[in-house]
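Student: Heads up, the sequence shown is in numbering that gives the first Met the number 0, so the first residue is 0 and it goes up one at a time.
All C-beta atoms in this analysis are idealised placements derived from N, C-alpha and C, irrespective of residue type, glycine included.
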Amino acid sequence: MAELKVKRKGYWRGPYTYVRNGKVVNVKKSWVPETTFMTVDKGKPGRTPESEKFFEPKRHTGWEKTMAAATRRGKLLDATDDKKSMHDRYVEAGRMIQELANVTTDEETKTRAKEDADYFFEKARETEK
């Protein structure tokens, strides 16, 4: 992205106090002069740059939206750590698939992933620690 020249207006900074070496220091109000500086163009507020939009999962599970629900959920559970309790494995699987549901733009993937995440979170509630 391109660099931009930004001009910041001057302003009055209000009075404040702070403690330095055990003593209270009073700072009077002061004028902060205007300044100009160069910065990288960050784009429109609230928008993710195209280069950062791709979702990269931490672990590949083999989950596909075309699979049956039991198969999808089984693959997710198999991708979790076997040494953890079932409650922790359910939570881990739910978080993995919820991460996909939060970033996808495909409506079918979003609904199926959300269903699977809700399923795992419900199972986790049933098997409290």
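Please determine, among M85, R111, R71 and V5, the residue with the shortest C-alpha to C-alpha distance to D40.
Tutor: Of the listed residues, the one whose Cα sits closest to D40 is V5.
Student: Have a look at the DSSP bridge pairing and note the partners of V26.
Tutor: Paired residue(s): Y15.
Student: Let me make sure I understand the geometry here. Which of T65, K8 and E107 has the alpha-carbon closest to that of V31?
Tutor: The candidate whose alpha carbon is nearest that of V31 is K8.
Student: Quick one, are the C-beta atoms of H86 and A123 less than 7 Å apart?
Tutor: It is a contact, given that the beta carbons lie within the stated cut-off.
Student: Along the alpha helix (DSSP H) that carries E121, what are the first and last residues, could you check?
Tutor: E106 to E125 is the span of the alpha helix (DSSP H), which, as asked, contains E121.
Student: Beta-carbon within less than 8 Å of P14's beta-carbon, same chain only, minus the 5 sequence neighbours each way: which residues are those?
Tutor: Cβ within range, chain order: N25, V26, K27 and K28.
Student: Determine the DSSP secondary structure at M66, reduced to helix, strand or coil.
Tutor: Three-state result, M66: coil.
Student: Taking the C-alpha atoms as reference points, what is the distance between H59 and A1?
Tutor: Taking the straight line from one Cα to the other gives about 35 Å.
Student: Classify R7 as helix, strand or coil using the three-state DSSP reduction.
Tutor: Note: R7 maps to strand in three-state DSSP.
Student: Between the C-alpha atoms of K74 and W62, what's the straight-line distance to the nearest angstrom?
Tutor: K74 and W62: Cα-Cα distance of roughly 6 Å.
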